[in-house]
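Colleague:
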Amino acid sequence: MALHPPDPGGIVGHEAVLELLPRLTAPTLLFSGPEGVGRRPVARWYAWGLNRGFPPPACGEHPDLLELGPREGGLRGRAEVRLEEVEPLFAWLAVHPRERAKVAVLDAAHRLTEAAANALLKLLEEPPSYARLVLIAPSRDTLLPTLASRALEVPFGPVPEARLRALTEDPDLLAYAAGAPGRLLRALADPALFRARLEKGKRALAAPLLERLALLRELLAEEEGFALLHALLRRRPRALLALEAAREALERYVSPDLVLARLALDLEA
1 MALHPPDPGG IVGHEAVLEL LPRLTAPTLL FSGPEGVGRR PVARWYAWGL NRGFPPPACG
61 EHPDLLELGP REGGLRGRAE VRLEEVEPLF AWLAVHPRER AKVAVLDAAH RLTEAAANAL
121 LKLLEEPPSY ARLVLIAPSR DTLLPTLASR ALEVPFGPVP EARLRALTED PDLLAYAAGA
181 PGRLLRALAD PALFRARLEK GKRALAAPLL ERLALLRELL AEEEGFALLH ALLRRRPRAL
241 LALEAAREAL ERYVSPDLVL ARLALDLEA
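Going by my numbering, the sequence shown opens with residue 1, and the numbers climb by one from there.
In structure tokens form, the structure reads like this:
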């Protein structure tokens, strides 16, 4: 079983995006799309390409690449990106690059607080000539309009399952990945953990109400739990709607106890 994609920089798919990026000159790009689809590896590929030429000879850490932003999920909710998390960017960009260009990648740009967004907006209005900023968010609509208007969107869609079959033929893993190579690679890196989560998910859907509630609390403490349940419920449209409603409620900081209690009821077999 392959554990790493054959593509440079850990990128699976997105050939059209890789062909497009070298031709773009906009100082700010918005990489939109679902979580785990490959936006961050492509951003690293882009940073290397700007400095070493396209296609870049290698990808990974680079002295002129800065990645910012939280990646929390699950029952902890969606943490805001505050001003203090963005401030290192301004001092970093004040120094000229070691090579040709500095590339800053801001994860979860849709969760910027008003203070952080206003500070970032000043940078977007007058960026240094050597600076490139990549915003990562689910879609243009989730960004503050003032930021969205200054970014050129580069959309990322799910990678076709046929491409992911180069990594695995396991139907459970492919359903769990749902077109997201990053999610699939994390599962392949620790197959025992994935199988344990899968069995816990199956138990949760078949368990009595109180046991289901406890298992849901364990599963959804991590972002992967939502993807796992989504795969298990893919043939139950009403249950999928209930799962998405629970995710949205958690993102609005509704009490996790209330959200899980409602979800446990909605998933009654």
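In this text, a Cβ means the ideal position worked out from N, Cα and C, and glycines have one as well.
I'd like the list of long-range same chain contacts for residue 135, defined as Cβ closer than 6 angstroms, with 5 residues on each side in sequence excluded.
Modeller: Excluding positions up to five away in sequence, the list reads 30, 106, 109 and 151.
Colleague: Taking the C-alpha atoms as reference points, what is the distance between residue 45 and residue 12?
Modeller: If I take the Cα positions, the gap works out to 12 angstroms.
Colleague: Give me, in chain order, the residues of the same chain whose beta-carbon lies closer than 6 angstroms to that of residue 21; leave out the 5 immediate sequence neighbours on both sides.
Modeller: These residues qualify, in order along the chain: 46.
Colleague: How long is the line joining the alpha carbons of residue 27 and residue 124, rounded to whole angstroms?
Modeller: So the alpha carbons of these two residues sit roughly 8 angstroms apart.
Colleague: Would you call residue 176 buried or exposed, if buried means 16 or more other Cβ atoms sit within 10 Å of its Cβ?
Modeller: The residue is buried, with at least 16 neighbouring Cβ atoms inside 10 Å.
Colleague: Sort out for me which residues DSSP pairs residue 135 with in a bridge.
Modeller: The partner list for residue 135 (beta bridge, DSSP) reads 30 and 106.
Colleague: Among 236, 138 and 156, which residue has its Cα nearest to the Cα of residue 148?
Modeller: Comparing Cα positions, the closest option is 138.
Colleague: For residue 239, which residues in the same chain have their Cβ closer than 8 angstroms to its Cβ, ignoring the five residues on either side in sequence?
Modeller: So the qualifying residues of the chain are 233, 266 and 267.
Colleague: Could you tell me the alpha carbon to alpha carbon distance between residue 187 and residue 67, rounded to whole angstroms?
Modeller: If I take the Cα positions, the gap works out to 23 angstroms.
Colleague: Over what stretch of residues does the beta strand (DSSP E) that includes residue 154 continue unbroken?
Modeller: That run of the beta strand (DSSP E) goes 152-155.
Colleague: With residue 141 and residue 103 assumed to form a contact (beta carbons below 8 angstroms), what rounded beta-carbon distance in angstroms separates them?
Modeller: About 25 angstroms; that fails the 8 angstroms criterion.
Colleague: DSSP three-state call for residue 233: helix, strand or coil?
Modeller: Coil, per DSSP.
Colleague: Could you give the uninterrupted runs of the beta strand (DSSP E) lying entirely in the region 35-101, keeping only those of 3 residues or more?
Modeller: If we require 3 residues or more, the beta strand (DSSP E) runs fully inside the region 35-101 come out as 65-68.
Colleague: Between which residues of its own chain and residue 183 is the CB-CB distance below 8 angstroms, once the five residues before and five after are set aside?
Modeller: Within the same chain, residue 183 has close Cβ partners 35, 36, 176, 177, 224 and 227.
Colleague: Would you mind reading off the limits of the alpha helix (DSSP H) that contains residue 17?
Modeller: 15-20 is the extent of the alpha helix (DSSP H) around residue 17.
Colleague: Tell me the rounded alpha-carbon separation between residue 56 and residue 24.
Modeller: So the two alpha carbons sit approximately 16 angstroms from each other.
Colleague: To which residues does DSSP link residue 112 through a beta bridge?
Modeller: In the DSSP output, where bridge partners are listed per residue, residue 112 has 81.
Colleague: Could you spell out the range, first to last residue, of the alpha helix (DSSP H) harbouring residue 264?
Modeller: Residues 256-266.
Colleague: Helix, strand or coil for residue 127 per DSSP?
Modeller: If DSSP states are grouped into helix, strand and coil, residue 127 belongs with coil.
Colleague: Whole angstroms are fine: how far does the CA of residue 157 sit from the CA of residue 210?
Modeller: If you take the alpha carbons of residue 210 and residue 157, they lie about 38 angstroms apart.
Colleague: Going by the CB atoms, is the gap between residue 116 and residue 159 shorter than 7 angstroms?
Modeller: Cβ atoms of residue 159 and residue 116: not closer than 7 angstroms.
Colleague: Helix, strand or coil, according to DSSP, for residue 181 in the structure here?
Modeller: In the structure shown, residue 181 sits in a helix (DSSP, three-state: H, G or I).
Colleague: Since residue 163 is in the alpha helix (DSSP H), which residue starts that stretch and which ends it?
Modeller: 161-164 is the span of the alpha helix (DSSP H), which, as asked, contains residue 163.
Colleague: DSSP three-state call for residue 171: helix, strand or coil?
Modeller: If DSSP states are grouped into helix, strand and coil, residue 171 belongs with the helices.
Colleague: Following the continuous alpha helix (DSSP H) through residue 197, name the residue where it begins and the one where it ends.
Modeller: First-last of the alpha helix (DSSP H) with residue 197: 191-206.
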